[in-house]
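Numbering (our numbering), first residue to last: 1 to 267.
Think of the CB as a built atom: it goes at the ideal place given N, C-alpha and C, for glycine as much as any other residue.
Below is one structure, written out as structure tokens, with a few remarks after it.
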Amino acid sequence: MSGELTKARQKLTSINASLKMGKYMAAAQALNDAIVIMLSAPLMKAEREEFAQMIDATVYALNNHKELRKVYPLVLHYAPGEEKKLLSEIFEMRKVLQEDVNENAQKDLTALENRKREGLERGQKHLDGQEFDEARQVFDKLSGEFPGDAELKADIADRYHKAGLNQEALGHLTQAINESPESLFLYNRIGIVLRKMQDYASAENYYLRALAITQKDEYLFFNLGRLYYDWQKWDKMAAAAQKAVAINPEFAEARKLLAFAKKKLGA
Numbered sequence: 001m002s003g004e005l006t007k008a009r010q011k012l013t014s015i016n017a018s019l020k021m022g023k024y025m026a027a028a029q030a031l032n033d034a035i036v037i038m039l040s041a042p043l044m045k046a047e048r049e050e051f052a053q054m055i056d057a058t059v060y061a062l063n064n065h066k067e068l069r070k071v072y073p074l075v076l077h078y079a080p081g082e083e084k085k086l087l088s089e090i091f092e093m094r095k096v097l098q099e100d101v102n103e104n105a106q107k108d109l110t111a112l113e114n115r116k117r118e119g120l121e122r123g124q125k126h127l128d129g130q131e132f133d134e135a136r137q138v139f140d141k142l143s144g145e146f147p148g149d150a151e152l153k154a155d156i157a158d159r160y161h162k163a164g165l166n167q168e169a170l171g172h173l174t175q176a177i178n179e180s181p182e183s184l185f186l187y188n189r190i191g192i193v194l195r196k197m198q199d200y201a202s203a204e205n206y207y208l209r210a211l212a213i214t215q216k217d218e219y220l221f222f223n224l225g226r227l228y229y230d231w232q233k234w235d236k237m238a239a240a241a242q243k244a245v246a247i248n249p250e251f252a253e254a255r256k257l258l259a260f261a262k263k264k265l266g267a
């Protein structure tokens, strides 16, 4: 039990540091945890008095922290022996603080999304004006600001691909796959780009990597079949199209692909 009491003391002494850093939820949680430990422990009189003094000092610090009061204006009340009452007040404080955390997190997320959107729009404007060097600068800076954001890199790659800059699209898609190797849509996209670049072997490799993850995506098989069409590998084209149709018999384009392959094979 002495170890638990030491933990409670550490929690109480950490609260001032949390307040200085603006970590109000951490401060409230630490006080809550310390009181719970105190109430569950058979304390001697001297220990109970020690904890009462520490809790009283902590409550005073919370009540007199100007920035915290802006978020939670209600005053906490404490007297020795009224720890359970204080716990109920801390519970209400934590609810309000959690709402504030959620609201701030949403604001931060919105701000980040706005930055991404504005960056994408600037880069697209340069692409539309065929200012490709400027577009590269904008997109490289944007992807650097959001490392690990595979969807952003895929979006940038799509814009490059539509502008005919397949090498740039390939670079961003390669990075995106390295960061998110389970995202199947990335394999479809890089396969399409490589097919347009006539790098059929590399495109096939990416499709096969995706098919090692799942055998239930008809679009993977269809796009693999399209690759074999360009590559003029009719037997492989037929096999891929057949699998796409087997997964989704209503997939009209896959059925056309299969019929074409069979015609080429003389079936």
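DSSP three-state assignment for residue i, whether helix, strand or coil
{"i": "Lys125", "result": "helix"}
{"i": "Met197", "result": "coil"}
{"i": "Leu173", "result": "helix"}
{"i": "Val75", "result": "coil"}
{"i": "Ser183", "result": "coil"}
{"i": "Met44", "result": "coil"}
{"i": "Asp217", "result": "coil"}
C-alpha gap between residue i and residue j, whole angstroms
{"i": "Lys95", "j": "Met21", "result": "20 Å"}
{"i": "Lys125", "j": "Gly164", "result": "15 Å"}
{"i": "Met237", "j": "Phe251", "result": "16 Å"}
{"i": "Ala240", "j": "Gly225", "result": "5 Å"}
{"i": "Asp149", "j": "Glu179", "result": "8 Å"}
{"i": "Asp217", "j": "Glu204", "result": "16 Å"}
{"i": "Ser183", "j": "Glu92", "result": "41 Å"}
When the options are compared against residue i, the one with the closest alpha-carbon
{"i": "Asn166", "options": "Asp199, Val193 and Ile55", "result": "Val193"}
{"i": "Ser88", "options": "Lys162, Asp230 and Ala28", "result": "Ala28"}
{"i": "Val138", "options": "Glu118, Tyr200 and Leu68", "result": "Glu118"}
{"i": "Tyr207", "options": "Gln198, Leu220 and Asn16", "result": "Leu220"}
{"i": "Glu113", "options": "Met54, Gln130 and Phe146", "result": "Phe146"}
{"i": "Ala169", "options": "Arg189, Ala34 and Ser183", "result": "Arg189"}
{"i": "Lys84", "options": "Ala52, Asp100, Lys107 and Arg115", "result": "Ala52"}
{"i": "Leu142", "options": "Tyr160, Gly123, Ser183 and Asp158", "result": "Gly123"}
{"i": "Lys70", "options": "Lys45, Leu97 and Glu47", "result": "Leu97"}
{"i": "Tyr229", "options": "Gly266, Ala30 and Ala261", "result": "Ala261"}
{"i": "Thr58", "options": "Ser18, Ile37 and Ile213", "result": "Ser18"}
Buried or exposed by the 16-neighbour rule on C-beta atoms within 10 Å, applied to residue i
{"i": "Asp81", "result": "The residue you asked about is not Asp; residue 81 is Gly in the sequence shown. Label assigned to Gly81: exposed."}
{"i": "Asp133", "result": "exposed"}
{"i": "Arg115", "result": "exposed"}
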